[in-house]
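According to the working numbering, the sequence shown is numbered sequentially starting from 445.
All C-beta atoms, glycine included, are put in the ideal place defined by N, C-alpha and C.
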Amino acid sequence: MACTIRAVLLMTLMPDADHREVLTTLLGDLVEVPWQRAHTVPSGTVLSTWRTAIGPAPLQQLQRELPAAVGAEHRDQALPRVEVGGGLRLGAIDGTVTRMPDTAANRAAFGTAGAAETGYPQIRHLHASDAFTRATLGVVCGPAGGDKAEAEQALLDRMPAEQPQVFGPDRLWIMDRNFPGVARIAAMLATGTHVLIRVKSDIRLPRIGAFAEDGSYPARLSGGGITLTMRVIEYHIDIDGATTPELFCLVTDLLDHHTHPAHQLAQAYRWRWDGSETALREAKSTIHDAGPGTGAILRSHSPDLIRQEHAAWIVATELVHAATRSAAAIATPFRKGPRTGQDVAARQLSFTTARRTLISTVRAGTATASLPAPTRAAAHHHALAVIATARVTTDRHRHRHRKTKTRQAFSHAPPGITTRTAPAHVHVCGTTA
């Protein structure tokens, strides 16, 4: 069972490898040992048989245990963070769907996203992450569920009960326009946590008090027989080269404009993209054909093995993120550029390099417990040192049309998709620029 669990975890990090290559990598130098009987790497059929025998439960258990361990790590005050006034650490919540092979069993179990049952079957999951480290703090999974907003809202309704450790008074959760719902927001606030949510233009927000000096104002948010008093923050985002500014409207339960000024919360909302969209795109970089308009990206042909593989993917990608956090802790500060002298954050290290380095340690056998402790520790430190040198550029002020969430550097990319590189200027409504 232990071998099979490791094989499934490794499989999700090797998108272009078949089952035999995954097992060869996992077994490493063991295949070279002159065994009394000739050794043959198990076939894909054998691995499928093993996977069916253990079922999804062990990997789902790992998936449930993972957020608790990550949450405990993030309670360390020494861990780098991005905060707003009062020591509230920013978190981001968003959902995604993952395609799978189009079998009758998969389609019946998971359905497809959207109104028409014409696409690939998909599994949907809601992902709660730390906005700065992109670490996974909570995951809830379910069928594709048809309409995106309704399906993701249903998952968020489950999260406080299934992942209660996610929500606490030290967190401010950033969410996009898919999630507002008075009962839903009330349930989150009942846990003691805080929210910062963008709302659509058709949401009524009757003002119930005077405008504060920062341009924000109190309003009633009503629905389902529940009324909440929220604070409204409206601001424009203006980007050089854009023809018109974009209006953002946020609601939050943080009512004190002195402790949490509107401009600070407007700047905080941009971390939703980094904490959710970028984190999910990094995770999907480990799966084959993850771009739009391509084929299935999970491999399994039965619902139980899809649940097993999907849980393994969530666990394995978070282990890669954990490696980047460990590498950042030993990385030397930046020696040149605008961050000269600053410490290195996990988000500034290459996820792809970390993934490939960890696969190399498995292949070489340095990740196994059979090595002497000093040798294993030295190999572990060397792997982290390699990851620590793979720096990436962040905060490049790149802006694309909202519907474009994947890489478009392809010759066949449709025309009309442009990327602008310019800082965004925030103008809070009701205040001078």
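Ignoring anything shorter than 3 residues or poking outside the segment 514-584, list the beta strand (DSSP E) runs there in chain order.
532-543, 566-574
Cβ pair residue 557, residue 583 closer than 8 Å
no
Taking one C-beta from the segment 471-482 and one from the segment 776-794 each time, how about it: are there three or more such pairs within less than 8 Å?
no
Closest to residue 697 by C-alpha separation, out of 729, 470, 630, 645, would be which residue?
630
Below 8 Å, how does it come out for the segment 503-514 and the segment 739-758: are there three or more Cβ pairs, yes or no?
yes
Of the choices 682, 658, 717, 604, whose alpha-carbon is the least far from that of residue 700?
658
Can you tell me whether residue 717 is helix, strand or coil according to DSSP?
helix
List the whole-angstrom C-beta distance separating residue 713 from residue 791, where the pair is believed to meet the contact cut-off of C-beta under 8 Å.
That belief does not hold up - the Cβ atoms of residue 713 and residue 791 are roughly 17 Å apart, past 8 Å.
From the DSSP output, read off the bridge partner residues of residue 831.
The partner list for residue 831 (beta bridge, DSSP) is empty, contrary to what the question assumes.
Apply the 10 Å Cβ neighbour rule to residue 801 and answer buried if 16 or more other Cβ atoms are within range, or exposed otherwise.
buried
Please state whether the Cβ-Cβ distance between residue 745 and residue 550 is less than 8 Å.
yes
Grab me the residues of residue 512's own chain with a C-beta within less than 8 Å of its C-beta, minus the 5 sequence neighbours each way, in chain order.
609
Leaving aside the five residues before and after residue 530 along the sequence, list all residues of the same chain whose C-beta is less than 6 Å from its C-beta, in chain order.
703
C-alpha distance - residue 709 paired with residue 626, whole-angstrom precision
21 Å
Pick out the complete alpha helix (DSSP H) segments inside the segment 471-505, 4 residues or longer, and give them in chain order.
488-498
If you measure between the beta carbons of residue 663 and residue 674, is that distance less than 8 Å?
yes
Quick check on this structure: which residue in 460, 522, 516, 490 has the alpha carbon closest to the alpha carbon of residue 448?
490
Let me confirm a value: residue 826 is counted as buried when at least 16 other C-beta atoms fall within 10 Å, else exposed. Which label applies?
exposed
Close beta carbons around residue 870, own chain, < 7 Å, minus the five adjacent residues each side
679, 681, 707, 710, 711
Out of curiosity, what's the CA-to-CA distance linking residue 908 and residue 620?
There is no way to answer for residue 908, as the model of the chain reaches only from 445 to 877.
Bounding residues of the alpha helix (DSSP H) (the contiguous stretch that carries residue 451)
446-457
Can you tell me which of 555, 601, 572 puts its alpha carbon nearest to the alpha carbon of residue 590?
555
Given this structure, state the Cα-to-Cα distance separating residue 796 from residue 836, to the nearest angstrom.
10 Å
According to DSSP, is residue 696 helix, strand or coil?
strand
Assuming residue 662 is part of the beta strand (DSSP E), what are its boundary residues?
661-667
Under the three-state DSSP convention, the category residue 850 falls into
Residue confidence for residue 850 is low, a pLDDT of 48 falling below 50, so the modelled location carries little weight; the figure read from the coordinates is stated next. Reduced to three states, the DSSP call for residue 850 is coil.
How close, in whole Å, do the beta carbons of residue 535 and residue 573 come, if the pair is a contact with beta carbons under 8 Å?
7 Å
If residue 463 and residue 578 are in contact, beta carbons under 8 Å, what's the gap, nearest whole angstrom?
The pair is not a contact, with the Cβ atoms about 29 Å apart (cut-off 8 Å).
Taking the alpha carbon of residue 497 as the point to measure from, which residue in 654, 485, 749 has its own alpha carbon closest?
749
Residue 724 vs residue 538 beta-carbon contact at 8 Å:
yes
Determine the direct distance from the alpha carbon of residue 456 to that of residue 480, and round the result to whole angstroms.
32 Å
Taking only three categories from DSSP, how would you classify residue 598?
helix
Helix, strand or coil at residue 657 according to DSSP, with G and I counted as helix
coil
Straight-line Cα distance separating residue 751 from residue 564:
16 Å
If residue 566 sits next to residue 759, beta carbons under 8 Å apart, how far is it from one beta carbon to the other, in whole angstroms?
At roughly 20 Å, the Cβ-Cβ gap does not stay under 8 Å, so residue 566 and residue 759 are not in contact.
For residue 587, which of helix, strand or coil comes out of DSSP?
strand
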